[in-house]
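Chains B and A, in that order, are what the protein sequence lines are.
Numbering-wise, my numbering puts 12 at position 11 of the first sequence, and it's gapless, one number per residue.
Numbering-wise, my numbering puts 154 at position 151 of the second sequence, and it's gapless, one number per residue.
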Amino acid sequence: MSTDVAARVVLPPLAGFVLVVGYVVAESLGCGALTVPEAGTVSEAAAMGRAARALQLMAEGQDANQPQRVREGLLDQASHELLPIDAAILGRHAEIVRLLQRSGVVQRNTDRTACFARMRLPEVLSDLGSSAAPADKDSDIETTIRTCTPKEPLR
Amino acid sequence: MSIFLLQIPVQLSDSFTEFTNIAGRSLLEVVSAEFQNGSYFRPLRRGLIKVVVDLSGGNYHLAFRGFQAAQVVVLLLLAVRMLRVQSRAGIVALPLALAILVGIHTFAGVVLEGFPINHFLTVLVCCAAAVNLAQARPRALVDAAAAVVLVAAMLTIESGLLVWVLFVAARAVGCRGVSRHGLIVLTACVALYFVGRFVVLGGSAPGLTERSAGFGFSALDPDELVARFGSNPAPFHLYNFVSAISCVLFAEPRGGVWAFVRNLTSGIPEAWQVVNVITSTATTLLIGRYTALRFSSWRAGAFNDADRFVVLFLVMLPANALFAAAYEKDVIMSPAGLFYAAAAYMVVREMTAAEASPRVTPLIVAPVLVLVIAVGWTVRFVGIHDSLRARAMSVRDEWAYYDDWAREQPTDTSLDAPQAAIKQQLFEDAVLRAPRVPQLSLGAIGALFDRTQ
Numbered sequence: 002m003s004t005d006v007a008a009r010v011v012l013p014p015l016a017g018f019v020l021v022v023g024y025v026v027a028e029s030l031g032c033g034a035l036t037v038p039e040a041g042t043v044s045e046a047a048a049m050g051r052a053a054r055a056l057q058l059m060a061e062g063q064d065a066n067q068p069q070r071v072r073e074g075l076l077d078q079a080s081h082e083l084l085p086i087d088a089a090i091l092g093r094h095a096e097i098v099r100l101l102q103r104s105g106v107v108q109r110n111t112d113r114t115a116c117f118a119r120m121r122l123p124e125v126l127s128d129l130g131s132s133a134a135p136a137d138k139d140s141d142i143e144t145t146i147r148t149c150t151p152k153e154p155l156r
Numbered sequence: 004m005s006i007f008l009l010q011i012p013v014q015l016s017d018s019f020t021e022f023t024n025i026a027g028r029s030l031l032e033v034v035s036a037e038f039q040n041g042s043y044f045r046p047l048r049r050g051l052i053k054v055v056v057d058l059s060g061g062n063y064h065l066a067f068r069g070f071q072a073a074q075v076v077v078l079l080l081l082a083v084r085m086l087r088v089q090s091r092a093g094i095v096a097l098p099l100a101l102a103i104l105v106g107i108h109t110f111a112g113v114v115l116e117g118f119p120i121n122h123f124l125t126v127l128v129c130c131a132a133a134v135n136l137a138q139a140r141p142r143a144l145v146d147a148a149a150a151v152v153l154v155a156a157m158l159t160i161e162s163g164l165l166v167w168v169l170f171v172a173a174r175a176v177g178c179r180g181v182s183r184h185g186l187i188v189l190t191a192c193v194a195l196y197f198v199g200r201f202v203v204l205g206g207s208a209p210g211l212t213e214r215s216a217g218f219g220f221s222a223l224d225p226d227e228l229v230a231r232f233g234s235n236p237a238p239f240h241l242y243n244f245v246s247a248i249s250c251v252l253f254a255e256p257r258g259g260v261w262a263f264v265r266n267l268t269s270g271i272p273e274a275w276q277v278v279n280v281i282t283s284t285a286t287t288l289l290i291g292r293y294t295a296l297r298f299s300s301w302r303a304g305a306f307n308d309a310d311r312f313v314v315l316f317l318v319m320l321p322a323n324a325l326f327a328a329a330y331e332k333d334v335i336m337s338p339a340g341l342f343y344a345a346a347a348y349m350v351v352r353e354m355t356a357a358e359a360s361p362r363v364t365p366l367i368v369a370p371v372l373v374l375v376i377a378v379g380w381t382v383r384f385v386g387i388h389d390s391l392r393a394r395a396m397s398v399r400d401e402w403a404y405y406d407d408w409a410r411e412q413p414t415d416t417s418l419d420a421p422q423a424a425i426k427q428q429l430f431e432d433a434v435l436r437a438p439r440v441p442q443l444s445l446g447a448i449g450a451l452f453d454r455t456q
């Protein structure tokens with residue numbers, strides 16, 4: 002048997018097996034390479050569209066009516082303190098907005114939430130009880146937060 | 004693969020209603036009800052679900068995914084055993100054969116779906132067991148085991164009848180494990196199946212209104228299918244038959260939809276489509292070339308070990324495609340996919356053996372083609388694990404939206420107390436207690452993996 006032909010046949014699949022096994026071993030040892038970071042707050046789960054993780058964190062005691070941290074890289078390059086419902090809107094996950102509402106989340110900052118929805122996710126405006134019209138054009142996260150967040154009065 | 008499987012909770016779609024259907028009923032009631040199920044005849048499938056539920060002690064996730072993982076392990080063991088890896092060339096070809104077996108798109112549905120017991124996987128196990136029996140030394144015990152395997156397969160799902168095709172084809176090419184008398188008994192079982200199902204029980208084949216189906220470049224819903232083929236469904240059935248064969252040989256169409264051709268004619272196909280189509284086509288060419296070389300020997304009735312598996316594949320392919328005539332779905336073709344992998348193993352084994360032996364008919368293949376095949380199947384093998392991980396995430400989220408799912412069901416989904424307890428258990432398994440498996444992020448490499456399966 003030609004070693005060259007045998008190598009072409011056997012090496013790629015063997016490399017594939019080693020890759021999968023190595024990945025499983027590395028993961029079991031806590032190595033998180035090649036993975037999306039797991040949501041640590043309900044807001045992060047909402048921003049990522051991870052419904053089950055959001056419910057899991059709420060069941061573990063996190064308060065979905067309080068602002069929570071969303072790490073940089075999940076919504077955009079900055080970190081944010083956001084209500085879960087706002088994070089879901091900014092992440093454009095309408096189904097999570099409705100899930101949070103069904104799970105007892107109360108809208109605390111109605112104007113800001115509606116403003117987010119106008120600019121990022123108009124389809125949930127009716128779910129939020131807002132009659133505001135959708136924004137004329139699509140906005141990125143940074144612009145949306147800047148536009149919808151009341152400015153501190155100058156001293 | 005089993006580790007990836009165990010990370011997937013019991014799914015909501017196509018599974019939860021199975022639990023509610025059998026709740027509070029005895030095994031006899033569950034099985035006997037399946038004898039009056041019209042277009043489908045799968046009494047053992049639901050009976051097996053009932054048995055696993057009863058044995059699970061309420062630990063449904065571990066019981067059902069564990070059962071699925073065990074079936075995969077058994078399938079791989081039986082598949083390796085039937086290939087009879089004895090030579091150095093065989094050892095060289097084996098990893099590629101396993102990569103094809105697990106990486107082929109027809110296999111994806113048997114691991115990505117749990118209904119909650121994947122009956123397509125059960126039939127695959129029966130097919131591999133059938134070949135092992137056919138290869139065995141002829142004994143009465145083998146005949147009896149063959150009958151048990153056949154009955155189990157055909158009462159699990161319709162395509163289980165392929166096990167009979169296997170026994171007949173295996174004997175025709177010289178595998179004499181099942182005796183002539185045994186084969187007569189098996190044939191009588193099949194005859195009894197048809198008489199029982201279609202004459203005694205008055206069952207029928209699935210019609211056009213059962214589900215959506217792919218046709219041409221898109222999927223048609225049942226109303227569109229009836230409007231187009233209601234008066235004469237024969238062309239649609241023929242289309243499905245041809246599509247199913249092409250699906251195995253060329254990885255196109257998928258589910259009856261010619262998506263690669265559509266993308267090729269209207270723009271650029273996805274990277275994974277290119278990988279799938281090129282890999283499958285190249286492997287098919289290899290098998291085709293071997294067939295052309297050996298055909299004259301076959302006509303003379305001379306079959307070596309490799310020939311037997313190539314012939315089994317060539318018999319199983321159209322036989323399996325008949326079961327996809329009502330609607331084409333990749334997973335229906337999983338038995339043909341299993342024998343595609345076996346045929347590829349034999350051809351690659353012969354190819355590498357021929358390099359060393361001048362007595363063997365040379366199967367000369369361009370080295371680059373060999374490399375394309377090996378690398379392509381490796382990508383597909385790794386890709387199925389990526390799909391399994393994505394499935395674990397999507398099933399968890401599926402349960403989070405239980406209320407939405409219940410609202411969208413065409414039938415009443417209100418639950419009595421035992422059913423509500425099962426729902427709560429499955430919900431907690433999936434959402435609150437599920438193993439925390441991270442989502443893979445592979446960047447540009449991810450484009451090579453088929454995430455549509």
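C-beta atoms are modelled at their ideal positions from N, C-alpha and C, and glycine is treated no differently.
Closer than 9 Å to chain A by CB, residue i
i	result
T36 (chain B)	yes
F117 (chain B)	no
Q57 (chain B)	yes
R93 (chain B)	no
P123 (chain B)	no
E39 (chain B)	yes
V107 (chain B)	no
A7 (chain B)	yes
Helix, strand or coil at residue i [DSSP, three-state]
i	result
V368 (chain A)	coil
G217 (chain A)	strand
Q78 (chain B)	coil
L83 (chain B)	strand
Q67 (chain B)	coil
R45 (chain A)	coil
G163 (chain A)	helix
S104 (chain B)	coil
E426 (chain A)	Reading off the sequence shown, one finds Lys at residue 426 (chain A), where the question assumed Glu. In this structure, K426 (chain A) counts as helix in the three-state DSSP scheme.
E21 (chain A)	helix
N235 (chain A)	coil
L127 (chain A)	helix
M319 (chain A)	helix
F326 (chain A)	coil
S118 (chain A)	Sequence check: residue 118 (chain A) is Phe here, not Ser. Here F118 (chain A) sits in coil by DSSP.
R9 (chain B)	helix
D419 (chain A)	coil
Nonlocal neighbours in the same chain, by C-beta distance under 7 Å from residue i, ignoring five residues either side
i	result
G99 (chain B)	According to the sequence displayed, residue 99 (chain B) carries Arg and not Gly. Once the five neighbours on either side are set aside, the close Cβ partners of R99 (chain B) are D128.
CB contact check: residue i to chain B, cutoff 9 Å
i	result
G15 (chain A)	Before going on, a small fix: residue 15 (chain A) reads as Leu here, not Gly. No, because no Cβ of chain B sits closer than 9 Å to the Cβ of L15 (chain A).
P98 (chain A)	yes
D406 (chain A)	yes
S283 (chain A)	no
R68 (chain A)	no
Q442 (chain A)	yes
A433 (chain A)	yes
T414 (chain A)	no
V385 (chain A)	yes
L9 (chain A)	no
Beta-bridge partners of residue i, as assigned by DSSP
i	result
T36 (chain B)	A:L443
L223 (chain A)	A:A216
N260 (chain A)	According to the sequence shown, residue 260 (chain A) is Val rather than Asn. Paired residues: A:R257.
Close-in-space but distant-in-sequence residues of the same chain around residue i (CB under 6 Å, 5 per side omitted)
i	result
S80 (chain B)	R72, E73
H64 (chain A)	P12, V13, D432
A100 (chain A)	A344, Y348
R179 (chain A)	P141
C149 (chain B)	R113, C116, F117
F70 (chain A)	V55
L124 (chain A)	Q74, V113
Inter-residue CB distance, residue i and residue j (contact presumed, cutoff 8 Å)
i	j	result
S44 (chain B)	L83 (chain B)	5 Å
G217 (chain A)	G163 (chain A)	The Cβ separation is near 24 Å, so there is no contact.
R292 (chain A)	S390 (chain A)	About 31 Å separates the two Cβ atoms, so there is no contact after all.
R121 (chain B)	A133 (chain B)	That pair is no contact at about 13 Å.
G93 (chain A)	G386 (chain A)	Contact doesn't hold; Cβ gap of about 26 Å is too wide.
L76 (chain B)	L91 (chain B)	6 Å
P85 (chain B)	A65 (chain B)	5 Å
A327 (chain A)	I335 (chain A)	5 Å
Proximal residues to residue i (C-beta, below 8 Å), its chain only, five neighbours per side dropped
i	result
V375 (chain A)	I281, T282, A285
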